[in-house]
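Participant: What the sequence shown shows, in full-length UniProt numbering, is residues 1 to 134, in sequence order.
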Amino acid sequence: MKKWFLIVAMMILTGCAYIGKQSDVFVFTGESENWRVNYISAEAEEDRVENDYWVYYIGDENPGKVSYSIDLGSGATSAGSADLSHTDVIRAGGGCSDCETLKEDDVLQFEVEWDGQQESFEVTYDEEARGVME
Numbered sequence: 001m002k003k004w005f006l007i008v009a010m011m012i013l014t015g016c017a018y019i020g021k022q023s024d025v026f027v028f029t030g031e032s033e034n035w036r037v038n039y040i041s042a043e044a045e046e047d048r049v050e051n052d053y054w055v056y057y058i059g060d061e062n063p064g065k066v067s068y069s070i071d072l073g074s075g076a077t078s079a080g081s082a083d084l085s086h087t088d089v090i091r092a093g094g095g096c097s098d099c100e101t102l103k104e105d106d107v108l109q110f111e112v113e114w115d116g117q118q119e120s121f122e123v124t125y126d127e128e129a130r131g132v133m134e
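(1) Count the other C-beta atoms from every protein chain shown that fall within 10 angstroms of the C-beta of A79, then say buried if there are 16 or more, exposed otherwise.
(2) Please state whether DSSP places E45 in a helix, a strand or coil.
(3) Quick one: Cα of V66 to Cα of A82, how far?
(4) Would you decide whether P77 is buried or exposed? Buried here means 16 or more other CB atoms lie within 10 Å of its CB.
(5) Mind checking D115: buried by the 16 CB within 10 Å criterion, or exposed?
(6) Excluding the 5 residues flanking E113 on each side, which residues of the same chain have their C-beta closer than 6 Å to its C-beta?
(7) Which one of S32, N34, I40 has the shortest CA to CA distance from K103?
(8) Let me know the secondary structure DSSP gives E127 once reduced to three states.
(9) Tell me where the beta strand (DSSP E) around I90 begins and ends.
(10) Whole angstroms is fine: what's the gap from I58's alpha carbon to D106's?
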């Protein structure tokens, strides 16, 4: 229960920060057997897009070291690695100038590898999560 509260609180706080500054905010979510992804893309200024995402391990066994990638379409990818021995969440993000904001019909592809295992799933626009931030 405490973990769910923390997840929702982080999304709301991040969303509130975006709402005051951005005109277009898009929240994408996806889940597999062992992983959940929350991805927020927002137009920060006329020529700048900010992206933040959280990758949660929701499986039973500690995954240890993981590597992951999020294919944003149109050739853009965000990738990284992390040691989840002492936490079950990865938070990352960044911004870019003169790049496109994600739209409602975009589908992101998430892939993760850990301890000889691999999962891949789609991360799609989530109208309900967007509504929580308004």
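Even glycine gets a Cβ: it sits at the ideal position worked out from N, Cα and C.
In this text, all values refer to a predicted model and were calculated from it rather than measured experimentally.
Facilitator: Looking at the atomic coordinates:
(1) exposed
(2) strand
(3) 5 Å
(4) The sequence given here places Thr at residue 77; Pro does not occur at that position. Classification for T77: exposed.
(5) exposed
(6) S67
(7) I40
(8) helix
(9) 89-97
(10) 25 Å
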